[in-house]
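Chains as they are written, first to last, in this note's numbering: chain A, 1 to 266; chain B, 1001 to 1373.
And the structure:
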């Protein structure tokens, strides 16, 4: 009885996998033979981030916690959901808040904003945990010193991505969090109006550093959180920072491979 | 009974008590490594979970913890505890193996396996599970959206995003140029410098504690206490005007905390000599602050040199200060860089305790040029 259902199904499956379309996409058979397990890694652009073989201890979940991989996956989720959000969101003081309300109230079953926000929170945590794991296994030690440094920059980029995104809903939570955060820039030594020594930067009687040109102004594009800030943070959040992060991720993954793959005892 | 318990928890959550308990607890756990066992982890997580769940019946606790943007903090508490335990547990198991006849676990399993299926399937499973978690989380809990932005109406408290609350908490003890600019820069630089400072060849590529004690103690103190604990307390325990509120306390906007903080210069000139502070001009300001300048200078520039001396140069009781063996092992450049970064890191707890013990505001205070330490 079961066979009568399964037989045509497996025949159809065989038909499909023998077709010209299938064989044009997958150049080799199922990865059940060792030859094909090697081929699948080498012929697939996504899988080729991996080596063909790896040390057994290194790929154990208890060793890596899969935290780096999870972080990368969250980055992809955030890129995808962020792209969808960009269809609906206009980065102006006039429309930003209303667009978010629209998303919430008029999009049926809409959870893209939720996925994006919770995914972003989760990514901050997984980056920390990835870093904790790499530290606790001593994986930053030679020959991986440089890649640890890249990782630290990626941590900073993750925080900056989250920080710039925090402003975009343009609600009270958003602007005051950014106001508090960016107030610090006012205290930058030499470059902030209320920073040490900045008063000493004068040209005759004219003070070179003022609220209209200091470090905080550069961050906000204005004297307080306003339209220029929203646009600036939007562009950084959607284009600038993700590009830099993607670029550094490429370097990070490349160096994982070039430095000998997942770390292990020498 | 319950009120007594709540009062106790509120008291223990105060910055002074919480920081001290957490630090001593962590140090004790490094001293008595048997606490990183499976049994104590189970007990610990059971207690934490019961405490957390039972506390949900308290309206003030619930109000703070159930705020949508505070959910990640609960995640941080449980995940960071779990993974710290997991790493230490594996490290100590490996230490036992290598102390006996065996080899560390990571070395035992050094044969190569096919990445398809062994790794690819794990990754696939991780993606599926994570997707489910994210979807369920997103369906159950709406992303927060407050009133439209109003630059004229600042909420009290105004908080930075949760992952920066450690820095905001530092503002209690340091001026913004340090807490918001210099220290974040030093954290980034310091983290990047770790592989170049740490010359210990052991513990590369496997969990261990015994072979890397100093590194792990310093890193975990920084990560768990100076970063995570401050993030958690900044989120849950800091209310209006950045005043401290216990987890079961109502965030009263009108609570006034007296600020009676004094500077080192006040201690020296007013309290010790009974004179007014020197005024007028640059040199008067230097004179006013000479003791603070000396203290900071000694801490940052003299102490590292003194610490590099061999043990026999120290009087008994201070021998623990000697880091001569590190100086020998690491060489001058690495040693001074490492010790300077370490002392900068320790300046936060030092300033905290100075504040709590003496109400000390600034060690060096030049408000004229915003240069306060």
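A virtual CB, placed ideally from N, CA and C, is assigned to each residue, including glycine.
Being a predicted model, the structure only gives us computed values, none of them experimental.
Exercise for the section: For residue 17(A), decide whether its Cβ has a neighbour in chain B, counting only Cβ atoms nearer than 8 angstroms. Expected result: For residue 17(A), the closest Cβ of chain B is not nearer than 8 angstroms.
Handout entry: Stretch pair the region 178-198 of chain A + the region 214-226 of chain A: three plus CB contacts closer than 8 angstroms
Key = For the pair of segments examined, the region 178-198 of chain A was found to touch the region 214-226 of chain A: the number of CB pairs separated by less than 8 angstroms reaches three.
Problem - Proximal residues of chain B, C-beta to C-beta of residue 108(A) below 9 angstroms - result: The contact set of residue 108(A) on chain B, defined by CB atoms closer than 9 angstroms, is empty, because the minimum CB distance reaches about 13 angstroms.
Practice task
Would you please verify whether the beta carbon of residue 1196(B) is less than 8 angstroms from any beta carbon of chain A?
Solution key: At least one beta carbon of chain A lies nearer than 8 angstroms to the beta carbon of residue 1196(B).
Problem - residue 182(A): first and last residue of the uninterrupted alpha helix (DSSP H) it sits in - result: Unbroken alpha helix (DSSP H) run through residue 182(A): 172-183.
Handout entry: is_contact[residue 1361(B), chain A] using C-beta, thresh 8 angstroms
Key = No Cβ of chain A is located within less than 8 angstroms of the beta carbon of residue 1361(B).
Handout entry: Assigned secondary structure, residue 202(A) (DSSP; H/G/I helix, E/B strand, else coil)
Key = Here residue 202(A) carries a strand assignment [DSSP, helix/strand/coil].
Handout entry: Extent of the continuous alpha helix (DSSP H) run through residue 1213(B)
Key = Taken as a continuous stretch (DSSP letters only), the alpha helix (DSSP H) holding residue 1213(B) covers 1213-1220.
Handout entry: Among 126(A), 141(A), 58(A), nearest to residue 1110(B) - alpha-carbon criterion
Key = Out of 126(A), 141(A), 58(A), 58(A) has the C-alpha closest to the C-alpha of residue 1110(B).
Exercise for the section: Indicate the three-state DSSP secondary structure (helix, strand or coil) for residue 191(A) in the structure shown. Expected result: Assigned with DSSP and collapsed to three states, residue 191(A) falls in coil, not helix or strand.
Practice task
Closer than 7 angstroms by C-beta to residue 196(A): which residues in its own chain qualify, once you throw out the five before and the five after it? Chain order, please.
Solution key: Closer than 7 angstroms at the Cβ level, and outside the excluded window around residue 196(A), lie 189.
Problem - C-alpha distance - residue 1078(B) paired with residue 242(A), whole-angstrom precision - result: Distance between the alpha carbons of residue 1078(B) and residue 242(A): 29 angstroms.
Handout entry: the region 1075-1089 of chain B contacting the region 130-138 of chain A, beta-carbon criterion three pairs below 8 angstroms
Key = Three or more Cβ pairs drawn from the region 1075-1089 of chain B and the region 130-138 of chain A lie within less than 8 angstroms of each other, which places the two stretches in contact.
Handout entry: Cβ pair residue 171(A), residue 1240(B) closer than 8 angstroms
Key = The Cβ-Cβ distance between residue 171(A) and residue 1240(B) does not fall below 8 angstroms.
Exercise for the section: Please report how far the alpha carbon of residue 1185(B) lies from the alpha carbon of residue 71(A), in whole angstroms. Expected result: Each residue's alpha carbon lies about 24 angstroms from the other.
Practice task
Assess, as a yes-or-no matter, whether the region 233-248 of chain A is touched by the region 1198-1215 of chain B under the definition of 3 or more beta carbon pairs within less than 8 angstroms.
Solution key: Between the region 1198-1215 of chain B and the region 233-248 of chain A, the count of Cβ pairs shorter than 8 angstroms is below three; the stretches do not touch.
Exercise for the section: Can you check DSSP and say which residues form a bridge with residue 1360(B)? Expected result: DSSP lists 1262(B) as partners of residue 1360(B).
Practice task
Determine whether the Cβ of residue 194(A) lies closer than 8 angstroms to any Cβ atom of chain B.
Solution key: So, interface residue.
Problem - Endpoints, the alpha helix (DSSP H) within which residue 1055(B) is located - result: Counting along the chain, the alpha helix (DSSP H) containing residue 1055(B) begins and ends at 1038-1055.
Handout entry: CA nearest to the CA of residue 1288(B), picked from 1097(B), 1329(B), 1276(B)
Key = Ranking the options by Cα distance to residue 1288(B), first place goes to 1276(B).
Exercise for the section: Determine contact between the region 156-168 of chain A and the region 1154-1167 of chain B, defined as no fewer than three beta-carbon pairs at a distance below 8 angstroms. Expected result: With three or more CB-CB distances shorter than 8 angstroms, the region 156-168 of chain A counts as touching the region 1154-1167 of chain B.
Practice task
Flag this pair as yes or no: are the beta carbons of residue 1232(B) and residue 1104(B) separated by less than 8 angstroms?
Solution key: Judged by their CB atoms, residue 1232(B) and residue 1104(B) are not nearer to each other than the 8 angstroms cut-off.
Practice task
Could you say if the region 1263-1273 of chain B and the region 1357-1368 of chain B meet the contact criterion of at least three C-beta pairs nearer than 8 angstroms?
Solution key: Output reads yes: the region 1357-1368 of chain B touches the region 1263-1273 of chain B.
Handout entry: 7 angstroms Cβ shell around residue 191(A) - same chain, five flanking residues per side excluded
Key = Once the five neighbours on either side are set aside, the close Cβ partners of residue 191(A) are 198, 209, 214, 215.
Problem - Cα-Cα separation, residue 82(A) to residue 235(A) - result: Those two C-alpha atoms are separated by around 13 angstroms.
Problem - At least 3 beta-carbon pairs within less than 8 angstroms: the region 143-152 of chain A vs the region 1135-1154 of chain B - result: Cβ pair count under 8 angstroms is below three, so no.
Problem - Min CB distance residue 1181(B) to chain A below 8 angstroms - result: True, the Cβ-Cβ gap to chain A drops below 8 angstroms.
Problem - Members of the region 1087-1118 of chain B near chain A, C-beta cut-off 9 angstroms - result: Here the close residues are 1087, 1088, 1090, 1091, 1103, 1104, 1105, 1106, 1107, 1108, 1109, 1110, 1111, 1112, 1113, 1114, 1115, 1116, 1117, 1118.
Handout entry: Spatially closest choice to residue 1221(B) from 1256(B), 1021(B), 1359(B), 1181(B), by CA coordinates
Key = Relative to residue 1221(B), the option among 1256(B), 1021(B), 1359(B), 1181(B) whose CA is nearest is 1021(B).
Exercise for the section: With 8 angstroms as the threshold, decide whether the Cβ of residue 171(A) is near any Cβ in chain B. Expected result: In terms of beta-carbon proximity, residue 171(A) lines the interface with chain B, with at least one pair separated by less than 8 angstroms.
Problem - Residues bridged to residue 53(A) [DSSP beta-bridge criterion] - result: As DSSP reads the structure, residue 53(A) sits in a beta bridge with 1114(B).
Practice task
Check each candidate in 1049(B), 1310(B), 1194(B) and name the one with the smallest Cα separation from residue 1214(B).
Solution key: Measuring C-alpha to C-alpha distances from residue 1214(B) to each of 1049(B), 1310(B), 1194(B) identifies 1194(B) as the nearest.
Exercise for the section: Indicate whether residue 1225(B) and residue 1048(B) have their beta-carbon atoms separated by less than 8 angstroms. Expected result: Contact annotation: residue 1225(B) and residue 1048(B) have beta-carbon atoms that are not nearer than 8 angstroms.
Problem - Cβ pair residue 1009(B), residue 1234(B) closer than 8 angstroms - result: At the C-beta level, residue 1009(B) and residue 1234(B) stay beyond 8 angstroms of one another.
Exercise for the section: Leaving aside the five residues before and after residue 100(A) along the sequence, list all residues of the same chain whose C-beta is less than 6 angstroms from its C-beta, in chain order. Expected result: Closer than 6 angstroms at the Cβ level, and outside the excluded window around residue 100(A), lie 169.
Exercise for the section: Anything in the region 88-104 of chain A with a Cβ closer than 9 angstroms to a Cβ of chain B? List those residues in chain order, please. Expected result: Within the region 88-104 of chain A, 93, 96, 97, 98, 100, 101, 104 place their CB atoms closer than 9 angstroms to a CB of chain B, listed in sequence order.
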